[in-house]
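Single-structure report; data block below.
Numbering (the working numbering), first residue to last: 514 to 546.
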């Protein structure tokens, strides 16, 4: 599954850390405004 994260604040970083440990998930984009 390919995931994009909208915002890389506290919650975005937390989600990114959790998703790093999941082999079936790829973070393909991070949108920071």
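Heads up, the beta-carbon is just placed ideally off N, CA and C, and yes, glycines get one too. This structure is a prediction, so every number in the text was calculated from the model and none was measured.
For residue 531, the uninterrupted alpha helix (DSSP H) run begins and ends at 523 to 533, by DSSP. Annotation: the continuous beta strand (DSSP E) that includes residue 540 extends over 539 to 544. Residue 520 is not bridged by DSSP to any residue.
Our two residues, residue 526 and residue 543, have alpha carbons roughly 10 angstroms apart in a direct line.
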